Amino acid sequence: MSLHWKVLAWMLAGVVFGLGLQRFVDGAPRSGLSLEATESGLVVMSATGPGAKSFASGEEFGAVIVARGSEEERRELLSSPSDFHALVSELSVGEVLWIEAGDELRPVTLDLDPSSARARWLAPFDMLATIFLSLLKMLIVPLVLSSIVCGVAGVGTMKDLRRLGGKTFLYYISTSLLAICVGQGLVNLIRPGIGADLGLSPAMAAGTREENFIEIFVRMVPSNIFEALTDNGAMLKIIFFALLLGVFITKAGAPHSERMREFFESFFAVMMKMAEGVLALLPYGVFALLVKVVARTGFAVFEPLLLYMGTVAAALLIHACFTLPALLRIVGGISPRRWFKAMSPALMTAFSTSSSSMTLPVTLRSVEERGKVSSKVTSFTLPLGATINMDGTALYECIGVIFLAQYYGSLPGGEMLTFTQQGFIVVMALMASIGAAGIPSAGLVMMLTILSALGLPLEGAALLLAVDRPLDMMRTVVNVWSDSCGAAIIARSEGETAVLDAGSSA
Ligand code: ASP
Numbered sequence: 059m060s061l062h063w064k065v066l067a068w069m070l071a072g073v074v075f076g077l078g079l080q081r082f083v084d085g086a087p088r089s090g091l092s093l094e095a096t097e098s099g100l101v102v103m104s105a106t107g108p109g110a111k112s113f114a115s116g117e118e119f120g121a122v123i124v125a126r127g128s129e130e131e132r133r134e135l136l137s138s139p140s141d142f143h144a145l146v147s148e149l150s151v152g153e154v155l156w157i158e159a160g161d162e163l164r165p166v167t168l169d170l171d172p173s174s175a176r177a178r179w180l181a182p183f184d185m186l187a188t189i190f191l192s193l194l195k196m197l198i199v200p201l202v203l204s205s206i207v208c209g210v211a212g213v214g215t216m217k218d219l220r221r222l223g224g225k226t227f228l229y230y231i232s233t234s235l236l237a238i239c240v241g242q243g244l245v246n247l248i249r250p251g252i253g254a255d256l257g258l259s260p261a262m263a264a265g266t267r268e269e270n271f272i273e274i275f276v277r278m279v280p281s282n283i284f285e286a287l288t289d290n291g292a293m294l295k296i297i298f299f300a301l302l303l304g305v306f307i308t309k310a311g312a313p314h315s316e317r318m319r320e321f322f323e324s325f326f327a328v329m330m331k332m333a334e335g336v337l338a339l340l341p342y343g344v345f346a347l348l349v350k351v352v353a354r355t356g357f358a359v360f361e362p363l364l365l366y367m368g369t370v371a372a373a374l375l376i377h378a379c380f381t382l383p384a385l386l387r388i389v390g391g392i393s394p395r396r397w398f399k400a401m402s403p404a405l406m407t408a409f410s411t412s413s414s415s416m417t418l419p420v421t422l423r424s425v426e427e428r429g430k431v432s433s434k435v436t437s438f439t440l441p442l443g444a445t446i447n448m449d450g451t452a453l454y455e456c457i458g459v460i461f462l463a464q465y466y467g468s469l470p471g472g473e474m475l476t477f478t479q480q481g482f483i484v485v486m487a488l489m490a491s492i493g494a495a496g497i498p499s500a501g502l503v504m505m506l507t508i509l510s511a512l513g514l515p516l517e518g519a520a521l522l523l524a525v526d527r528p529l530d531m532m533r534t535v536v537n538v539w540s541d542s543c544g545a546a547i548i549a550r551s552e553g554e555t556a557v558l559d560a561g562s563s564a
């Protein structure tokens, strides 16, 4: 059986098994909080972390709001810890609980109780999934570093490098902008935020955080490259250093240029061989990951946000099934269907890991081996793309922010977004997608920056946390799909005729 069918079969098996566990094996939710009744009232403590810290106390009892569909949503005054435990046991894993104490409102996402039967069933799958993810993560930094250095040093002259770099960035920016336009069009058309029942209080002044996107570019320059190399989240820093290293290797002259280039080429080749080994584990890794995700999240979580999720999914579909294939066919002259088939291992890995960076080893192999794109193009474009080119994330930022703005705007006293603000969101969404790391939920974290710049409360984004995983899986697929289409289109424009040739194993 070819790899993509095998992975798909194991993926489906993972979903079915996960659903079975979710339905039939008891999995009590756990808030990670403990409550203590004191003289001054109810004190909510974080049960995790060193020296459990009281996060709210006061005259008033803590109140809990359950963010669900309108009928079930309620506010409860708690008078004892047992009230709280009773309330938690009625909810399901993944649901967000809002703890209100004093004037603070904090979201707590419910996790699986480790002592429940389901958690015990899941333990071996968790272990497998963790090992698989660690194997992928282990390869990220060495692959990014060596492939970019080889990519840059191997391009040849500065003129060639400028041409390739120019095309790559033109593709990244234009596809991300196209994605944002699709997202913005749909969210303004469907308007999922108007009157949505999210159980959030009307906009409290968000206290605009003084964070701007210029910082992303300032932070890109590493002050200590060895420190950056130890951090999978510091990809922009590593890319910056690798680009410079590549350029200066070509400038160092004989005998250093040749030696260094050979060293990095060999290093890269060995890393790719390792990636091939990890690829052999792909079906089982994907299985374990999906069991883990599906068995953990209850469907009740999705109810109030279904329209929002549908809008994101529809926009992602339009971008992935129409915009990018049109570019592939018209600009690259490549059959989108065949390219999709060739890329399927990478897309399925993206879906199960929710991370472009962790998918990179598989993307590199798929584009080179199955897509027959030269390593000159892949080693330059794909590692950059995994961090910088995120069409799915860009589109998601735009929809998420406008959705919350619609929601707050439709509450009494709220204001709708102006035309200028919508334009501002487009630019911010683009920057956020460039700045987001290729790791799970990075997009949601970036959304906080846009919300605070717009003066919207950050608690809205915390609510979206409950449904972030499935959306993250989908947008990561689109991110990786766009990276791979970019590599193919750029390879064609560089005169490569072997892309998807008859000998391809697709
Ligand atoms: N998980 C996404 C990625 O790695 C980033 C995001 O959260 O949008 O591509």
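Residue 564, in my numbering, is where the sequence shown stops; the numbers in between run on with no holes. Backbone N, C-alpha and C define an ideal beta-carbon position, used for all residues, glycine too. Remember, it's a predicted structure, so these values are computed and weren't measured experimentally.
### Query
Out of curiosity, what's the CA-to-CA distance linking residue 378 and residue 242?
16 Å
### Task
Please go through the stretch 389-426 and give each complete alpha helix (DSSP H) segment of 4 or more residues, from N-terminal end onward.
394-411 and 414-423
### Task
Taking all protein chains shown into account, decide if residue 276 is buried (16 or more other Cβ within 10 angstroms of its Cβ) or exposed.
Classification for residue 276: exposed.
### Message
Using 8 Å as the threshold, is the C-beta distance between residue 201 and residue 338 below it?
### Response
No, the pair does not count as a contact, with Cβ atoms beyond the cut-off.
### Task
Would you kindly work out how many angstroms separate the C-alpha atoms of residue 441 and residue 226, rounded to a whole number?
12 Å
#### Entry: Three-way DSSP call (helix, strand, coil) for residue 341 in this model
helix
### Query
For residue 280, does the three-state DSSP call read helix, strand or coil?
coil
### Message
Using 8 Å as the threshold, is the C-beta distance between residue 71 and residue 345 below it?
### Response
Yes. Within cutoff.
### Query
Given that a residue counts as buried once 16 or more other Cβ atoms are within 10 Å of its Cβ, and exposed if not, what is residue 23?
Outside the displayed range of the chain (59 to 564) lies residue 23, so it cannot be described from this structure.
### Query
What three-state label does DSSP hand residue 557 in the structure shown?
coil
### Message
Does the contact criterion of 3 or more C-beta pairs under 8 Å hold for the stretch 311-328 versus the stretch 174-193?
### Response
no
### Task
Just the C-alpha distance for residue 463 and residue 512, rounded to the nearest angstrom, thanks.
9 Å
### Query
Assuming residue 248 contacts residue 365 under a Cβ cut-off of 8 Å, what Cβ separation, rounded to an integer in Å, is found between them?
The C-beta distance from residue 248 to residue 365 rounds to 7 Å, short enough to fall under 8 Å.
### Query
If we ignore side chains and look at the alpha-carbon of each, how far apart do residue 210 and residue 217 end up?
12 Å
### Task
Apply the 10 Å Cβ neighbour rule to residue 60 and answer buried if 16 or more other Cβ atoms are within range, or exposed otherwise.
exposed
### Message
I'd like to know whether the C-beta atoms of residue 553 and residue 533 end up nearer to each other than 8 Å.
### Response
no
### Task
With a threshold of 7 Å, establish whether the CB of residue 205 neighbours any heavy atom of the ligand ASP.
no
#### Entry: Straight-line Cα distance separating residue 389 from residue 547
Going from the Cα of residue 547 to the Cα of residue 389 covers about 7 Å.
### Contact test: residue 373 Cβ vs the ligand ASP heavy atom, cutoff 7 Å
no
### Message
From the DSSP secondary-structure annotation, give me the bridge partner or partners of residue 88.
### Response
169
### Query
Would you report the Cα separation of residue 418 and residue 402, rounded to the nearest angstrom?
For residue 418 and residue 402, the distance between alpha carbons rounds to 13 Å.
### Query
CB of residue 412 to nearest heavy atom of the ligand ASP: below 7 Å?
yes
### Query
Between residue 305 and the rest of its own chain, which residues show a CB-CB distance below 7 Å, the 5 nearest in sequence each way excluded?
210
### Alpha carbon of residue 484 to alpha carbon of residue 213, nearest angstrom
33 Å
#### Entry: Exposed unless 16 or more other CB atoms sit within 10 angstroms - verdict on residue 439
buried
### Message
DSSP three-state label for residue 245, please.
### Response
DSSP, reduced to helix, strand and coil, places residue 245 within a helical segment of the structure shown.
### Query
Can you find at least 3 beta carbon pairs, one from the stretch 410-428 and one from the stretch 487-500, that sit closer than 8 Å?
yes
### Task
Please state if the CB of residue 446 and the CB of residue 492 are separated by a distance shorter than 8 Å.
yes
### Message
Judging by CA-CA distance, which residue of 472, 422, 458 and 543 is the nearest neighbour of residue 521?
### Response
458
### Query
residue 379 lies in the alpha helix (DSSP H); which residues open and close that run?
Unbroken run through residue 379: none, as it is neither H nor E.
#### Entry: Supposed close pair residue 374, residue 450 - CB separation, criterion 8 Å
6 Å
### Query
How about residue 540 and residue 382: are their beta carbons less than 8 Å apart?
Yes, the Cβ-Cβ distance between residue 540 and residue 382 is below 8 Å.
### Query
Under 7 Å from any heavy atom of the ligand ASP, does the C-beta of residue 366 make it?
no
### Message
Measuring only the C-alpha atoms, how far is residue 250 from residue 518?
### Response
14 Å
### Terminal residues of the alpha helix (DSSP H) in which residue 533 lies
526-551 is the span of the alpha helix (DSSP H), which, as asked, contains residue 533.
#### Entry: Option nearest residue 422 by Cα separation, candidates 206, 503, 309 and 147
206
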